[in-house]
Amino acid sequence: MQPHSLRSSLRFRSPCIVSESGVESWSRLVWLGTVYCYPIAIVTCQLASATPHNPIKLGSPLNTIISFLLPTMQPRDHFPETPNTSGPALDSPNARVTPITTASGNDTHGTLNQHPSDERFFQIGISDSQGPRATMEDSYGFVVDFDSIRGQGLFGMFDGHGNKLAAEWCGAEFHEHLLRHVHEKPKAPIPDILRDMFDSMDDSLSELSQASATMAASGCTAVAAFLRIEDAERHQSFIPTPPCSSPDSKSRTTPVTPPASANRVLYCANVGDTRLVLCRDGRAERLTTDHKASDKSEIDRVRKADGIIFRGRVLGYLNVTRSLGNHEAHDGFSLKKYVVGTPFTSRTELNGQDEFFILACDGLWDVISDQEAVDLIRGIEDAQEASKTLLDYAFEMGTRDNVTIMVLQELARPLLFSREIRNGKDHNATLTGKREHEKGKRGKACVHISHQEEAHTKSRRHPFGLQGVH
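Residue 328 in the UniProt record's numbering sits at position 328 of the sequence shown, with consecutive numbering throughout.
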């Protein structure tokens, strides 16, 4: 019978310890003590010494015992077996990110991490640093005019654990997965497409994990933010012909310009504790949810799957309850049964009150609240300066993690741009006047905080000779 909790799982069947004459068999008592009491004692010692900052390792005696006992407690789940080979050696312990470039013209043709020569629709600022950690396991990506529709954008961030491989792969491939599903199901609701995207990414990581134990041990939290231009029926009827079935974003050679009546909608999907916060008229609105082992609903879900959480971690190992990757499996048992890749999704229609959003990993959110982060950068007009200010603040407040921050500003610009062109006005002058009016109302909201010494932050080097800043 399948157990429903850890307590019921520990109800082992044991041989009788009383002889037919009622005399205890000491030899059987010794046998029982060896088989059951000794492992339980090791488990107790491991639990007593574990802390959130010193979690149980997968190779620890406790995890070995759990891996040995769980198959006897419940049916096997037939997860693909992790190979004994580790696969090719890592070229570097730090995650590689596609270099940021600038197009020669206004069209990026779906190229990952490429700015147009003129940022007409929104500003993107990205800053990151390895911090005091031994390795950098964060990755990210963005596509301007996603799917060759002007004003659309796709933004992703991935915070790795175990090693860099899952986050590095996701940062380089996530846009292709979304594009494929958008083209395969052009009429499907976008939240469903985002869930399909996460499923296909997790399936791809599972396949890669069957060839490499190093990949199997890797996982990452993830956020995908899709800034979509759509009509009132939540479709894209303004596209003259259906998109090409090819998953290549370069397939549509002529970019489509949406009409002024089109809506701008921000769709979000996330697993883990990487977070997106929207600034709406100065108020912080979180559009993602943190999947942590301290959340009651997530604890209930893990327990219903016959998992255990102690010291705030799933099986004492991982403090997030959802991720991409983590496909390590032995004897039919896998952490993936409990740490699933199903994302939380949200849909937010944007309007003139929406000023910017912050997309960042937990290295930032561990030391600052959503509203504090919004207040800190609300008076900064440049997206790159805003992201750098948040990065500096995180280390000033003592974060001990990798930190990656993306800020997208002037979310109202596509709507203003369409209206001003329709009315024959100069949209740049209108935007400048709006900025000056807002600055006069609220003043400069940020306080400059100096960046820490390079020796303390161990900033990752990037193209163009910059450190910790793109």
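A virtual CB, placed ideally from N, CA and C, is assigned to each residue, including glycine.
Alpha helix (DSSP H) segment containing residue i, residue limits
i: Q384; result: A383 to E396
i: C361; result: Run containing C361: none; DSSP gives neither H nor E here.
i: A89; result: Element bounds for A89: n/a, residue is neither H nor E.
i: A213; result: A213 to A216
Coil, strand or helix - residue i by DSSP
i: D130; result: The sequence given here has Gln at residue 130, not Asp. Three-state DSSP puts Q130 in coil, outside helix and strand.
i: S334; result: strand
i: M201; result: helix
i: I149; result: strand
i: Q114; result: strand
i: R303; result: helix
i: L179; result: helix
i: I377; result: helix
i: G316; result: coil
i: R195; result: helix
i: F155; result: strand
i: G325; result: strand
i: L208; result: helix
i: G141; result: strand
i: Q123; result: strand
i: L287; result: coil
i: K296; result: helix
i: G219; result: strand
i: E168; result: helix
i: M238; result: The question names Met, but residue 238 is Phe in the sequence shown. Coil at F238, not helix or strand.
i: E372; result: helix
i: I308; result: coil
i: E173; result: helix
i: E184; result: helix
N-terminal and C-terminal residue of the beta strand (DSSP E) that residue i is part of
i: T345; result: F344 to E349
i: A103; result: Unbroken run through A103: none, as it is neither H nor E.
i: V407; result: V403 to Q409
i: R264; result: N263 to V271
i: R280; result: R275 to R280
Residue i vs residue j beta-carbon contact at 7 Å
i: D159; j: T221; result: yes
i: L359; j: M157; result: yes
i: Y140; j: T399; result: no
i: N326; j: L335; result: yes
i: F174; j: N270; result: no
i: A305; j: T82; result: no
i: T257; j: R96; result: no
i: P255; j: D145; result: yes
i: A167; j: L205; result: no
i: F395; j: C279; result: no
i: residue 475; j: K164; result: With the chain running from 1 to 470 in the structure shown, residue 475 is simply not present.
i: M397; j: V374; result: no
i: G363; j: D331; result: no
i: G213; j: S92; result: Rather than Gly, the amino acid found at residue 213 in this sequence is Ala. The answer is no: Cβ separation not under 7 Å.
i: F142; j: F122; result: no
i: N94; j: T135; result: yes
Check: residue i C-beta below 6 Å from any heavy atom of the ligand NAD
i: L391; result: Absence of the ligand NAD from the depicted structure is noted, as is the absence of any ligand whatsoever, leaving it without description.
Chain-order list of residues whose beta-carbon lies under 7 Å from that of residue i (same chain, five-residue window excluded)
i: L350; result: R264, V265, L266 and L411
i: residue 484; result: The requested residue 484 is not part of the displayed model; the chain covers only 1 to 470.
i: Q210; result: P80 and P83
i: Q152; result: D145, F146, L227, R228 and I229
i: A262; result: I229, E230, D231 and F238
Same chain, Cβ closer than 6 Å to residue i, neighbours up to 5 away in sequence not counted
i: V277; result: A284, R286, I358 and D370
i: W31; result: Caution is warranted here: a pLDDT of 42 is assigned to W31, below 50, making its placement in the model unreliable, and the coordinate value is therefore given only provisionally. For W31, where only same-chain residues beyond five positions count, there are no Cβ hits under 6 Å.
i: G125; result: A383, Q384, A386, S387 and V407
i: I66; result: Unreliable positioning characterises I66 in this predicted model, as indicated by a pLDDT of 49, which lies under 50. The coordinate reading is nonetheless provided below. Around I66: no qualifying Cβ.
i: R322; result: V271, G272, H291 and V340
i: T274; result: M157, D159, T221, V223 and C361
i: G219; result: H161, G162, A166, S323, G325 and N326
i: Q236; result: E230
i: residue 473; result: Outside the displayed range of the chain (1 to 470) lies residue 473, so it cannot be described from this structure.
Proximal residues to residue i (C-beta, below 8 Å), its chain only, five neighbours per side dropped
i: I193; result: L178, H181, V182 and K185
i: F189; result: Phe is not the amino acid found at residue 189; the sequence shown has Pro there. So the list reads R234, once near-sequence residues are dropped.
i: F198; result: A222, A224, A269, V271, L324, G341, T342 and P343
i: T289; result: N270 and F344
i: H115; result: I100, T101, T102, A103, T108, I124 and V144
Within-7 Å CB hit, residue i to chain D
i: D306; result: Although the question refers to chain D, the structure presented lacks it and comprises just one protein chain.
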